[in-house]
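*Asks:* First residue of the sequence shown: 964, per the numbering used here; consecutive thereafter.
Encoded as structure tokens, here's the structure I'll be asking about.
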Amino acid sequence: MFFIGVFGINNRSKKIKEVLFKCTGCLNNKGELIEISNVFEIFFIPVFKFNKKYILKCTTCGSMYKLNKESIGKIIETEKVTYEDMEEVIYENRVCECGEKIIDGYEYCPKCGRKL
Ligand SMILES: [Zn+2]
Ligand SMILES: [Zn+2]
């Protein structure tokens, strides 16, 4: 956050709703639709929002995906996210079938030795 006198630009994120989504990271199927926007503030009062972005976050493993703006209306209506709605992967958490968290770059699970 930075302030120029009484004006400021702040980053806000807001959970819109829970959606169905098949996570490739942990095979869970629940995600959260999150709106991230920059807010122009005067005396800490939000005046307008700009640069809106929509993010899908897996509630179990925390993987995050940036969503296509054009898909948001459909997602809110159907409460489902498909792979076509995604613009890019921001962060993908990988979890082995045994439950062990996998660090990026690993080909085998350090706990059970399964190939990933
Ligand atoms: Zn997940
Ligand atoms: Zn494992």
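C-beta atoms are modelled at their ideal positions from N, C-alpha and C, and glycine is treated no differently.
Here the structure is a predicted model, which means the values were calculated and not measured.
Within the same chain, show all residues whose beta-carbon is closer than 7 Å to that of Ile-1005, passing over the 5 residues directly before and after it, in chain order.
*Replies:* So the qualifying residues of the chain are Val-969 and Phe-970.
*Asks:* So the candidates are Phe-984, Asn-973, Lys-977 and Ile-1035; which of them puts its Cα closest to the Cα of Lys-1043?
*Replies:* Checked all of Phe-984, Asn-973, Lys-977 and Ile-1035; the closest Cα to Lys-1043 is Phe-984.
*Asks:* By Cβ distance below 7 Å, which residues in the same chain neighbour Glu-1060 in space, the five residues on each side in sequence not counted?
*Replies:* Around Glu-1060: Arg-1077.
*Asks:* When DSSP builds the beta bridges, which residues end up paired with Glu-981?
*Replies:* Note: Glu-981 sits in a beta bridge opposite Glu-995.
*Asks:* What does the alpha-carbon distance come out to for the pair Asn-1014 and Arg-1057?
*Replies:* So the alpha carbons of these two residues sit roughly 29 Å apart.
*Asks:* Sorry if obvious, but does the Cβ on Glu-1070 come closer than 7 Å to a heavy atom of ligand 2?
*Replies:* No.
*Asks:* For Ile-1038, is the classification buried or exposed, using 16 other Cβ atoms within 10 angstroms of its Cβ as the cut-off for buried?
*Replies:* Classification for Ile-1038: buried.
*Asks:* Quick check on DSSP: helix, strand or coil for Lys-1016?
*Replies:* Strand at Lys-1016.
*Asks:* Going by CA-CA distance only, name the one from Ile-999, Lys-993, Thr-987 and Asn-1031 that's closest to Tyr-1054.
*Replies:* Out of Ile-999, Lys-993, Thr-987 and Asn-1031, Thr-987 has the C-alpha closest to the C-alpha of Tyr-1054.
*Asks:* In the DSSP assignment, find the unbroken alpha helix (DSSP H) run with Lys-1037 in it and report its ends.
*Replies:* Lys-1037 -> alpha helix (DSSP H) spans 1035–1041.
*Asks:* For the beta strand (DSSP E) holding Tyr-1054, just list the boundary residues, first then last.
*Replies:* From DSSP, the beta strand (DSSP E) with Tyr-1054 extends over 1049–1054.
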